[in-house]
Structure formats: structure tokens, C-alpha cells
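Notes follow once the structure below has been shown.
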Amino acid sequence: MDQLGETLMAMYGAMRGRFGDQQWWPSSARLPAGRRKLEICVGAILTQNTNWRNVEKALARLIDGGCMSVRRLDAMRAEELAELIRPAGYFNVKARRVKHFIAHVQQRYGGRIERLLRRPAGPLRAELLGINGIGRETADSMILYAAGRCTFVVDAYTRRALRRHGLIDASADYEAIKSLFESHVPARVSLYNDYHAQWVAVGKHYCRPTARCEGCPLAGFPHDPTAA
DNA sequence: GACCAGGCACATC
DNA sequence: GATGTGCATGGT
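Numbering (the working numbering), first residue to last: 424 to 651.
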């Protein structure tokens, strides 16, 4: 591993030591195992720009209503779905996005989501990105957490923390940050899984928009004070 | 009451 | 290709 890789792994170790194994993707324990992957994919759409606590409420309403199945979601009208997922915010757009995803699974894979997720990571990513409402982070979350394939998920927390530590410049986009990790950090699903979750944890607790670095597990790491 | 939260598509330049 | 805007609830 090169020097940047060592730094990134040391940062991961520091966060992991503080926050512990994050056990992602969080899922409803009462849900049958066969519906877990579907729940992860739906949750990935619902959490777009939204607090996870609100997503949990929406997911619970879907499960309570017996709606966490491709068949039920496909049969449901968008307005009906929107009402159920209301707590997650942006409920009208997200209802359409879930419907787009579900229609794709129904039409191309006979409603069997595991058939979609079995595809190789590259083609799977391209296919997901072709569905309206699924962008890079949502696609990568589905690939890593539902399909169990090695792809690095980048989010706003990751970008902010890396900028503050001077590891990327302000112009670095999603793909640049993703390839930064994928070319310097060993490609292990369990590592990528928890590493992304650790960025979210550090972002929630310390690396907020208004900086508050006291006590942050990353406080001793390289820092560029001129970075945003 | 302001600010923020595990983005994305679309319009416009 | 870069930048701006709409989408919306709920916790701090």
C-alpha cells in the first residue's frame, strides 16, 4: 500500500476505534431475509438528502402496510406510495423514483431483485444509473450494501471531511473521490462497507458544516486550514 | 426560526 | 461542462 493508502487506512482505524463497527446497512430485524435487499434499495432512494431517522419512519410504514414487496410496490399508485413515505420528505419525487426502480425490476427480472443484483458490478452500475432517480451514490449504495459488491460509496460527509483535511481539492467530483479510495484502499467488501459508514458517523458527530474539531478522531490528521 | 439531513433531475447559460 | 433550482419532512 502507498503512503496515501496508509493515511486513509489510519483515518479509518481512528474512526472505527471511536465509533465501533457501524453494522451497515441498518435494516428492520422483523423483515423476512428475502425482503432485506429490497428494503436496502428502497431505503437508498428514500435517504437521498434526508436524515436516516425520517427514512426509518417511512420504511416502517411500508412494512406495517405489508407493502415491502416488488409486487405490491409495482401495483401501487404513485400517489398512494407518496402518502406512505411522507415522513422521508420529498415524497412525491421519491415515490416516482421508487416506482421507476420497481418497474425496472418487474419488467426486466420478473420482479426478482436478486437477479438484478447478481449482475457483475460494472454492468450493474451502468444499468442502475440508467434508471431515473438513481444517481451515483444511490447506485453505489445498492451495489455495496444490497449486492455485496466492492464499490466505494461517496457522500457529502466524505467530500467535506476530505476537503478539510486537504486530501482533495474543491473541484474533486464524485468519481474522482471514489477512485481515490478504490486505487489506494484494499478492495474488500467488509472494509468498504464500514468505511463509508464511518464517514457518516464522523460527519454526524464532528465534521459538521460549522467545524467543530475538538475531540474528533481525525483531529491529528493532515489539515489544510485554507480548505473549505 | 434557522439550519441541516447518507441526492437527483432538469433548465439554463 | 458548470451552475442554479425544486423537491419536503422532522430533529436540533
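From the three backbone atoms N, C-alpha and C, an ideal C-beta is built for every residue, glycine too.
Where does residue i sit, in a helix, a strand or coil, going by DSSP?
i: C464; result: helix
i: Q426; result: helix
i: A518; result: helix
i: E637; result: coil
i: G643; result: coil
i: H588; result: coil
i: L496; result: helix
i: D487; result: helix
i: Y618; result: helix
i: P455; result: coil
i: A570; result: coil
i: A595; result: coil
i: W448; result: coil
i: R542; result: coil
i: N474; result: coil
i: A610; result: coil
i: F524; result: helix
i: P510; result: helix
For residue i and residue j, I'd like the C-alpha separation in whole angstroms.
i: Q471; j: R453; result: 24 Å
i: R439; j: G626; result: 13 Å
i: W447; j: N616; result: 7 Å
i: E637; j: Y629; result: 8 Å
i: R541; j: V528; result: 12 Å
i: L641; j: M434; result: 6 Å
i: A620; j: L567; result: 12 Å
i: K480; j: G436; result: 32 Å
i: A579; j: R586; result: 11 Å
i: L590; j: L431; result: 10 Å
i: R631; j: G571; result: 29 Å
i: S492; j: M424; result: 43 Å
i: M499; j: G488; result: 12 Å
Using CA coordinates, which residue listed in the options is at the minimum distance from residue i?
i: E598; options: E462, H588, G558; result: G558
i: H646; options: Q446, M424, D592, L551; result: D592
i: C516; options: D563, I468, S602, G488; result: Looking at the sequence shown, residue 516 is not Cys but Val. Closest by alpha carbon: I468.
i: V465; options: G643, Y580, L485; result: L485
i: S451; options: A483, D425, R520; result: A483
i: Q426; options: V623, L603, R611; result: L603
Using 8 Å as the threshold, is the region 536-545 in touch with the region 447-465, meaning 3 or more CB pairs across them? yes
So, do the region 512-524 and the region 554-570 have three or more beta carbon pairs nearer to each other than 8 Å? yes
Is it the case that the region 604-615 contacts the region 572-581, given that we only count it when at least three CB pairs across the two stretches are under 8 Å? yes
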